[in-house]
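Worksheet: one structure, shown below.
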Amino acid sequence: MAAARCSPVALMLLLLACSVAADEALTHLHFYFHEVDGGAPNATVVNVASLHRNASTFGDLNVFDNALREGPDPASRLIGRAQGLAVHASLDESGGLTAITFAFSDYGEYSGSTLATLGHLTASGPSERSIVGGTGRLRFARGYMTSSLVSSKGSSIVVVFDMYFTLAH
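Residue numbering for the sequence shown is -22 to -1, 1 to 147, as defined by mature numbering (1 follows the signal peptide of the UniProt record, and there is no 0).
Rendered as structure tokens:
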């Protein structure tokens, strides 16, 4: 049986691709999202469309502008805003679709930068969604984020976010 041959050009391209991937450092961001339900004073989320033909929330559309904070305490340092929308897109109400821009205003080297995310929010537990891009120091970000509910008290919730991504050179 003859040995497989690889052209020198193909081998060089393969080595180059591997070295580029090895140079990309994984960045981890950790912060908290503070949301105040619509109808409450200083609400940060509003239901802008609802069919409510029955008890289901299927089809509802919420828009939000939530505080991003360094910690779970509402008095912790404000580092930015999470602005986006959530669509109740699951017939069994197990979750929905979110599109969120995380805009960092006071977050060290990332101040003035944004991360764009998209994906399925799971209502019953932790969620994992895609990081699909960014601006400023976070331009060309790609990766994923995880989120889970920390607390739900009265009309407010706190969610912890962990983001893991690389930046293209």
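Heads up, the beta-carbon is just placed ideally off N, CA and C, and yes, glycines get one too.
- In the DSSP secondary-structure assignment, residue 106 is bridged to 124.
- Residue state for residue 58 is assigned as strand, using DSSP reduced to three classes.
- In this model, residue 40 and residue 131 are separated by some 19 angstroms (Cα to Cα).
- The continuous beta strand (DSSP E) containing residue 82 extends over residues 73 to 82.
- It is roughly 7 angstroms from the alpha-carbon of residue 20 to the alpha-carbon of residue 14.
- Secondary structure note for residue 144: its beta strand (DSSP E) is the uninterrupted segment 134 to 145.
- In this model, residue 80 and residue 124 are separated by some 14 angstroms (Cα to Cα).
- With a cutoff of 7 angstroms on beta-carbon distance, residue 58 and residue 46 are scored as near each other.
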